[in-house]
Amino acid sequence: MPLDRPRSSTRVAVFSLLLAGADVLGAGANDDVWPSWRGPAHTGRADGDPPVTWSETENVRWKVEVPGLGTSTPTVWGNRIFLTTAVDTGKAGDRPAPEPAASQGGRPRGAAPSNVFRFVVMTYDLDSGKLLWERTAREEQPHEGTHPDGTFASNSAVVDAERVYVSFGSQGIYAFTHEGEKVWEVDLGDMTTRLGFGEGSSPALADGTLVVLWDHEGDSFIVALDAATGKEKWRTSRDEMTAWTTPLIVEHDGSKQVITAATGKVRSYDLATGELIWEGPGMTLNAIPSPVTADGVVYMMSGFRGNTALAVDLDKAKGDVTGTEAILWSLDRDTPYVPSPLLYDGILYFLKSNNGLLTAVEAESGEVLYGPERLDAVRNIYASPVGAAGRVYLLGRDGGAAVLKHGRQLEVLAENSLDDNFDASPVVVGDRLLLRGRQSLYCLEAGG
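Following the working numbering from start to finish, the sequence shown increments by one per residue and tops out at 990.
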């Protein structure tokens, strides 16, 4: 189907949410913070001027090996990098591991491991890569497995000026001070994920409230916790199957909304009360990409066993927005399965499925500017693209990377490669680019 055109005029999509991001997370578009997995404005865009080219011997300020396994994206506040990992202790658990069953596609479903794991929070110095502290949040045998490409530390932390908040999902939600003192922990129970493919939704934070999405094959819900104490503020039930999306908190018209994308419906809740504000048509099966927003418009998309993208005008979004003028435009092709989109100064960039096929769309109108265009350096990709200094950065699973010129036409500036595998998304902090691989954490900087 062709692109659905807007049925009403829209505002020019400019990157004004940077200041809104300051209110949401207590930090503006400063170049020394990356407080949540999609950056200071939750769009993948940041200030700073990271390097254009790199290799194992070029522009590497430091590189450190990270124990265990995790695909969570690092978060940064000031000179501290926070990330999570899960370490196999080698100790047998109390429950025998079942044999993984095959899915309809022939791939093995996730099966609970037989060993006990340590669920670990690690903090590194941004300048040197020195490990500042390491804390084991919990040590236990997971009740369920993960996707063959997944890990037990896929949820990214979120950080503010006082604390770092970490979700290990079924292994608990935690808050630590920046110095590593545990402030509180909350156990929300065990998830039962589709095909046993594991967990991955990251928490969202605003107004002293931590929001956790709990979409699974059991009783799904969204819950708000007091960021200082972990005490539950509200909980709202959801009629949803497993999803791996992260909530987006948006300030609009004097109040804050929590926007969620899922297979059944997209929804918005009042941050203060948990009451439903609006809802609309759902995403595809296995919803993973997280929403982005700018200038009062929210963009949501997914791409497994189907393709869908929606632009919702928050001024018009009340009740059920399906088939109304609140939906400014929609798209039904070439959308991503795992990577979230990048929203950069009025342009949406996104991959087709998990492939190195890039599309650029004008956010205001939904007009496709180019794509899908193949990127030779990036074949398969789980990491979400980021933007800075008039450039777009894309990082492939095999270590290949493409740096593009931001704009209405495709222009490749550089192709790079590292000796690691990458599923976590890139992070821009000032003139540095942080890349978390399966084995190591890299800090890239021109002249490094």
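Positions of the beta carbon are idealized from the N, C-alpha and C atoms, including for glycine. Quick caveat: nothing in here was measured; it's all calculated off a predicted structure.
- E598 and V629 have their C-alpha atoms spaced approximately 26 Å apart.
- Looking at D636, P638, T678, the one whose alpha-carbon comes closest to that of F661 is T678.
- Contact annotation: S743 and T787 have beta-carbon atoms nearer than 8 Å.
- Nearest Cα to G796 within the set V700, A814, A583: A814.
- The beta carbon of K947 is closer than 6 Å to those of E953, L955 in its chain, skipping five residues each way along the sequence.
- A distance below 6 Å between beta-carbons, with the five flanking residues on each side excluded, links S779 to the following residues of its chain, in chain order: F763.
- DSSP lists S797 as the bridge partner or partners of H794.
- Inter-segment contact for the stretch 706-714 and the stretch 655-670 is present: three or more beta-carbon pairs are separated by less than 8 Å.
- Under DSSP, Y891 takes part in a beta bridge, and its partners are L884, A902.
- For M842, the enclosing beta strand (DSSP E) has its first and last residue at 839-844.
- Linking G722 to L674 through their CA atoms gives a straight-line distance of about 9 Å.
- The beta carbon of W579 sits closer than 6 Å to those of T615, S698, S744, all from its chain and outside the five residues before and after it, given in chain order.
- Taken in chain order, the whole beta strand (DSSP E) runs of length 3 or more contained in the stretch 721-758 are 724-728, 746-748, 751-756.
- One alpha carbon belongs to E867, the other to D857, and they sit about 10 Å apart.
- Put simply, of V808, H720, M733 the residue whose alpha carbon is nearest the alpha carbon of E686 is M733.
- Cβ-Cβ distances below 7 Å link P609 to T627, V629 in the same chain, with the five nearest sequence neighbours on each side left out; the list follows chain order.
- Ranked by Cα distance from R978, the options W776, L747, T617 are led by T617.
- Between P883 and M825, the CB-CB gap reaches or exceeds 8 Å.
- Classified as exposed, K773 has fewer than 16 neighbouring CB atoms from the shown chains inside 10 Å of its CB.
- Secondary structure at G861: strand, using DSSP grouped into helix, strand and coil.
- Distance from V920 to G938 at the Cβ level is roughly 4 Å; contact confirmed, criterion being Cβ atoms closer than 8 Å.
- Shown here for D876: same chain residues with a beta carbon closer than 6 Å to its own, the five before and five after excluded, namely K894, T901, P914 in chain order.
- Straight through space, the alpha carbons of V753 and V700 are spaced by roughly 11 Å.
- Secondary structure at S712: helix, using DSSP grouped into helix, strand and coil.
- For T787, there is no enclosing beta strand (DSSP E), as DSSP marks it with neither H nor E.
- Here D781 is exposed. Its C-beta has fewer than 16 other C-beta atoms within 10 Å.
- Between the C-alpha atoms of A853 and Y841 there is a straight-line separation of about 5 Å.
- For N849, the three-state secondary structure derived from DSSP is coil.
- For L975, the enclosing beta strand (DSSP E) starts and ends at 974-978.
- Counting of Cβ neighbours within 10 angstroms places S712 among the buried residues, the total reaching 16 or more.
- Taking the C-beta atoms as reference points, G590 is found nearer than 8 Å to V970.
- Of the candidates A785, D768, F718, the residue whose Cα lies closest to the Cα of G760 is A785.
- C-alpha of T631 to C-alpha of A766: approximately 32 Å in a straight line.
- Bounds of the beta strand (DSSP E) holding F624 are 622-634.
- Sixteen is the threshold: when 16 or more other Cβ atoms of the shown chains lie within 10 Å of the Cβ of K807, as they do, the residue is buried.
- Proximity to G620 across V928, D574, V945, V594 peaks at D574, based on C-alpha coordinates.
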